[in-house]
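In our numbering, the protein residues as written are 305 to 522.
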């Protein structure tokens with residue numbers, strides 16, 4: 305019988321994508337000066353959170369010096385800062401920071417995952433890497449049986465989810481929501497520095513997405 309624990313064990317030992325496997329190992333050895341005293345995770349990352357969650361958040365991929373360093377998605381990088389602050393303010397997390405695996409973070413009614421489990425060079429996975437990794441996401445969708453809302457961060461996450469569900473005709477628009485009968489799909493810009501520092505994604509727009517989510521769940 306498949307469980308999230310079984311899936312986690314398979315994900316962290318995955319080597320399906322040679323380019324990504326080599327890249328994350330290289331980054332883990334070379335590091336950057338500010339994290340020179342860290343022992344990098346340097347392996348694929350599983351999802352994490354509440355296995356009975358009503359909210360599923362789907363991102364793009366771990367950051368080279370974020371999740372690939374800390375061993376947990378959206379942990380130790382600016383995207384994680386934005387996500388955890390919003391989750392905390394919206395009642396889904398017990399704290400507003402996500403800095404390392406043993407920092408005391410507890411997610412409530414939310415599970416976080418991504419379409420690619422290894423940090424890709426320049427944050428750009430190629431098509432076959434997304435296809436390889438989306439099999440793991442497909443398994444999570446089956447195992448997470450209480451999900452009512454799926455929040456996709458960025459166009460690639462949105463399109464990958466729609467493809468897995470074999471749903472055509474959906475268009476990525478920030479804050480758009482789609483009633484898929486069994487769940488509500490919500491699209492958002494990814495809280496990356498590229499979006500937050502340029503003003504493409506503003507904090508009030510970001511937190512409004514989570515207010516919309518709470519309206520659906522509650």
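Virtual Cβ for every residue (Gly too), placed ideally from N, Cα, C.
Open item on the list: Judging by CA-CA distance, which residue of 488, 459, 486, 485 is the nearest neighbour of residue 476?
Closed with: 459
Open item on the list: Closer than 8 Å is the cut-off here; do at least three beta carbon pairs connect the stretch 355 to 363 with the stretch 417 to 427?
Closed with: yes
TODO: Under 7 Å Cβ to Cβ from residue 461, same chain only, skipping five residues before and after it: list those, please.
DONE: 362, 363, 364, 419
Open item on the list: Using the three-state DSSP reduction, which class does residue 418 fall into: helix, strand or coil?
Closed with: DSSP, reduced to helix, strand and coil, places residue 418 within a strand of the structure shown.
Task: Inter-stretch contact at 8 Å, needing at least 3 Cβ pairs: the stretch 379 to 386 / the stretch 395 to 403 - done: yes
Open item on the list: Our contact map puts residue 517 next to residue 455 with C-beta atoms below 8 Å; I'd like the distance itself, whole angstroms only.
Closed with: 6 Å
Open item on the list: In the DSSP output, which residue or residues are listed as bridge partners for residue 453?
Closed with: 359, 488
- [ ] Would you kindly work out how many angstroms separate the C-alpha atoms of residue 409 and residue 353, rounded to a whole number?
- [x] 10 Å
- [ ] Just grab the DSSP bridge partners of residue 483 for me.
- [x] 488, per the DSSP bridge assignment.
Task: Any non-hydrogen atom of the ligand FAD within 8 Å of residue 505 CB - done: With respect to small molecules bound, the structure shown includes none, and the ligand FAD cannot be examined in it.
TODO: Spell out a yes or no on whether the stretch 309 to 321 and the stretch 437 to 457 are touching, meaning 3 or more CB-CB pairs, one atom from each, closer than 8 Å.
DONE: yes
- [ ] Check whether the stretch 366 to 378 touches the stretch 338 to 347, counting contact only when three or more Cβ pairs, one atom from each stretch, lie closer than 8 Å.
- [x] yes
Open item on the list: I'd like to know whether the C-beta atoms of residue 450 and residue 522 end up nearer to each other than 9 Å.
Closed with: no
Open item on the list: So if DSSP puts residue 353 in a beta bridge, which residue, or which two residues, is it bridged to?
Closed with: 415
- [ ] Reducing DSSP to helix, strand and coil, say where residue 461 ends up.
- [x] helix
TODO: Within its chain, find whatever has a CB closer than 7 Å to the CB of residue 520; leave out the 5 residues flanking it on each side and keep chain order.
DONE: For residue 520, the CB contacts under 7 Å within the same chain, skipping 5 residues up- and downstream, are 452, 453, 488 in chain order.
TODO: Could you spell out the range, first to last residue, of the alpha helix (DSSP H) harbouring residue 507?
DONE: Start and end: 507 to 521.
Task: Nearest to residue 491 (by Cα), restricted to the options 501, 497, 474 - done: 474
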